[in-house]
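Chemist: First residue of the sequence shown: 495, per the numbering used here; consecutive thereafter.
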Amino acid sequence: MSQNPFAKFARWLGLDRNPLRRRCDRVEAVVRLAAVLGVVAAVVFGVLLGVREYGDGLKTEARQAHDRYQVVATLSGDVATPRLSVAGAAVGHAQAVWRAPDGTPRSGVIEVSPSGRAGEPVRIWTDAKGVITPRPQDRETTVVAAMTVGTGVPLAAAAFLALLVTCTRVVNQRRARRVWEAQWTVVEPMWRINGR
Numbered sequence: 495m496s497q498n499p500f501a502k503f504a505r506w507l508g509l510d511r512n513p514l515r516r517r518c519d520r521v522e523a524v525v526r527l528a529a530v531l532g533v534v535a536a537v538v539f540g541v542l543l544g545v546r547e548y549g550d551g552l553k554t555e556a557r558q559a560h561d562r563y564q565v566v567a568t569l570s571g572d573v574a575t576p577r578l579s580v581a582g583a584a585v586g587h588a589q590a591v592w593r594a595p596d597g598t599p600r601s602g603v604i605e606v607s608p609s610g611r612a613g614e615p616v617r618i619w620t621d622a623k624g625v626i627t628p629r630p631q632d633r634e635t636t637v638v639a640a641m642t643v644g645t646g647v648p649l650a651a652a653a654f655l656a657l658l659v660t661c662t663r664v665v666n667q668r669r670a671r672r673v674w675e676a677q678w679t680v681v682e683p684m685w686r687i688n689g690r
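Here you go:
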């Protein structure tokens, strides 16, 4: 047998034209070949989706950078009882006043550090009308989203196809074992010589 890795891979895929292959071996080889081609296609598709997601993220960054404004709000009261945020950090809420980008006075409750005190300035993000908004999307968020999409699709496809190959192999081995046992029950009596 050849130790060439390409020859081994070709044999694993059933491309070596082995005349001794059983039907179940050929079915397994076809499923393995389809799985390899599926993973290659998923990688290409994942890269294309990742690039598209990155482009969309850059557009979102530009749009939000244009539409959102950072203004200084002044706390008009101490921080209410702090709570844990989704990220696990303690955040508090306090009443504050600020001016919209057009100069209109605004007020409302904002998220602040638990140590915030009345009269303290805090930077917040607003839209053109002075309504509080999340900060604009940054480059890190764009890159992470693109990487997640770009790698998630191929990984999910590879996991599914590996499961498909494994299930095919298990079913084929069980079927081959049953066929072998049925054939052995026919051959075994002739195999014995004089009842031994």
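Note that the Cβ used here is the ideal one computed from N, Cα and C, for glycine as well.
Only a predicted model underlies this, so the values are computations on that prediction, with no experimental measurement involved.
Could you tell me the boundaries of the beta strand (DSSP E) in which residue 568 lies?
Modeler: Segment 563-569, the beta strand (DSSP E) holding residue 568.
Chemist: Using a Cβ distance threshold of 8 Å, determine whether the stretch 585-602 contacts the stretch 525-544, with at least three qualifying pairs required.
Modeler: With the cut-off at 8 Å, the stretch 585-602 and the stretch 525-544 do not touch.
Chemist: Does residue 513 come within less than 8 Å of chain D when only Cβ atoms are used?
Modeler: Protein chain content of the structure displayed is limited to a single chain, and chain D is not contained in it.
Chemist: Considering Cα atoms alone, identify which of 632, 565, 633 is closest to residue 601.
Modeler: Among 632, 565, 633, the Cα nearest to that of residue 601 is on 565.
Chemist: Do residue 651 and residue 536 count as a contact pair if the criterion is CB distance below 8 Å?
Modeler: Closer than 8 Å, so yes.
Chemist: Give the straight-line distance between the Cα atoms of residue 620 and residue 644, rounded to the nearest whole angstrom.
Modeler: Residue 620 and residue 644: Cα-Cα distance of roughly 32 Å.
Chemist: Spatial neighbours of residue 640 within its chain, please: C-beta separation below 8 Å, excluding the five flanking residues on both sides.
Modeler: The residues are 544, 545, 547, 548, 551.
Chemist: Measure from the alpha carbon of residue 647 to the alpha carbon of each residue in 530, 516, 539, then state which is nearest.
Modeler: Selected option, being the one with the closest Cα: 539.
Chemist: Roughly how far, in whole angstroms, is the beta-carbon of residue 558 from the beta-carbon of residue 571, given that I think they are within contact range, below 8 Å?
Modeler: Residue 558 to residue 571, Cβ: 29 Å. No contact.
Chemist: Buried or exposed for residue 526, please, with buried defined as at least 16 other CB atoms from any protein chain shown within 10 angstroms of its CB.
Modeler: That one is buried.
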